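S.K.: Have a look at this one before I ask anything.
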Amino acid sequence: MAEVKSARPHTTESDAVIERAKDFWGRFGKTISIALGAIILVVGGFLAYKNFIVGPKEKKAADAIFRAQEYYGQDSLDKALNGDGQYAGFEKIISQYGGTKAGELAKFYAGAIYLKKGSFDKAVRYLKDFSTEAPQIKARAAKLLGDAYAEQGKGKDAIEQYKNAAKTFEEDDVAASEALFLAGYLADKVLNDKNQAIELYKEVKTKYAQTQWGFEAEKYLAQNGVYNVE
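Under our numbering, the sequence shown has 119 at position 134, and the numbering climbs by one with no breaks.
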């Protein structure tokens, strides 16, 4: 007589996994749903903010800065800074469009204008607050900030900014060599720090020998008794 097998249901490993999942979801499903809903709201809110607020604001800021840049190019500094009654100047663009790329760029221009006008405190304020990912502009801003510090008699701060400018975009031989030379000159003639000056002059001569500032550095090295630069 054939053996009759038990009628008990056979529980497989997959069945056990499903049962554990059901138990887990029964315990924590509500919490997970709330958390997922919150994530969706945050992501959705960010995308909406980016597409419907930041995007249009960036465009408005870019449109607004165009005329101010034209005035700056024409050396109409007051109109570039304060506007002409119809178009906004850099000051208003900074206040209205802070956080946008154009708003940041307006700080750079405002700092440069105040430096030209001799308002060194305002130049420092705007140039220190300026931020960009573009290395060429970042280097230029550091150079201008060094100029503003130098005009204020803050030699050490100026040297640091000149060195920063040279390091930020070394590929620009002319600008980088000028910034390094100015750092050396300040150390030499203003701070009377001959050792630092010699090191900076040597760096100019080594890295940028064929530039105008490379030749200038060679002359100042000779004045400090250094004739051979390896």
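We treat Cβ as the ideally placed atom computed from N, Cα and C, and that holds for glycine.
All of these numbers come straight from a predicted model, not from anything done at the bench.
#1: Please state the DSSP three-state secondary structure of Y205.
#2: Taking the beta carbon of V71 as the centre, do at least 16 other beta carbons fall within 10 Å, making it buried, or is it exposed?
#3: My understanding is that L129 touches L165, with C-beta atoms under 8 angstroms, so please give their C-beta distance in whole angstroms.
#4: From the DSSP output, in three-state form, read off S162 for me.
#5: Taking K148 and A168 to be in contact with their CB atoms under 8 angstroms, please state how far apart those CB atoms are, rounded to whole angstroms.
#6: So, using beta-carbon positions, are A124 and T153 closer together than 7 angstroms?
#7: For Y94, which option in A65, E184, K86, Q59 has the closest C-alpha, if you only look at C-alpha atoms?
#8: Using the Cα positions of A135 and R52, report the straight-line distance between them to the nearest angstrom.
#9: When DSSP labels each residue in this structure, what does T191 get in the three-state scheme?
#10: Have a look at E43 and K86 and give me their C-alpha separation to the nearest angstrom.
#11: Which class does S80 belong to by DSSP, given the choice of helix, strand or coil?
#12: Give every residue of the same chain whose Cβ lies closer than 7 angstroms to the Cβ of Q197, excluding the five residues on either side of it in the sequence, and list them in chain order.
#13: Just curious, the alpha helix (DSSP H) that K92 is in, first and last residue?
#14: In this structure, does DSSP put E136 in helix, strand or coil?
#15: Assuming F192 contacts L206 (C-beta within less than 8 angstroms), just tell me the rounded distance between them.
#16: Sorted by chain position, which residues of the same chain lie with C-beta nearer than 6 angstroms to A281's C-beta, five sequence neighbours on each side aside?
#17: Enumerate in chain order the residues of its own chain whose CB-to-CB distance from K139 is below 7 angstroms, with the five nearest sequence positions on each side excluded.
#18: Given this structure, state the Cα-to-Cα distance separating Q121 from L90, to the nearest angstrom.
#19: Please go through the same chain and pick out, in chain order, the residues whose beta-carbon is closer than 7 angstroms to the beta-carbon of K92, but skip the five residues on each side of it.
#20: Suppose contacts are defined by Cβ-Cβ distances below 7 angstroms. Is K77 in contact with G68 by that definition?
M.R.: Straight from the coordinates:
#1: helix
#2: Contrary to the premise, residue 71 reads as Gln rather than Val in this sequence. Looking at its Cβ environment, which holds fewer than 16 other Cβ atoms inside 10 Å, Q71 is exposed.
#3: Wrong, their Cβ atoms sit about 16 angstroms apart, outside the cutoff.
#4: helix
#5: 5 angstroms
#6: yes
#7: A65
#8: 31 angstroms
#9: helix
#10: 7 angstroms
#11: helix
#12: none
#13: 86 to 102
#14: helix
#15: The residue asked about is misnamed: residue 192 is Lys in this sequence, not Phe. Not confirmed; about 14 angstroms, so no contact.
#16: Because residue 281 is not part of the residues shown, which for the chain are -14 to 215, the question remains open.
#17: none
#18: 13 angstroms
#19: I79, Y111, D114, F115
#20: yes
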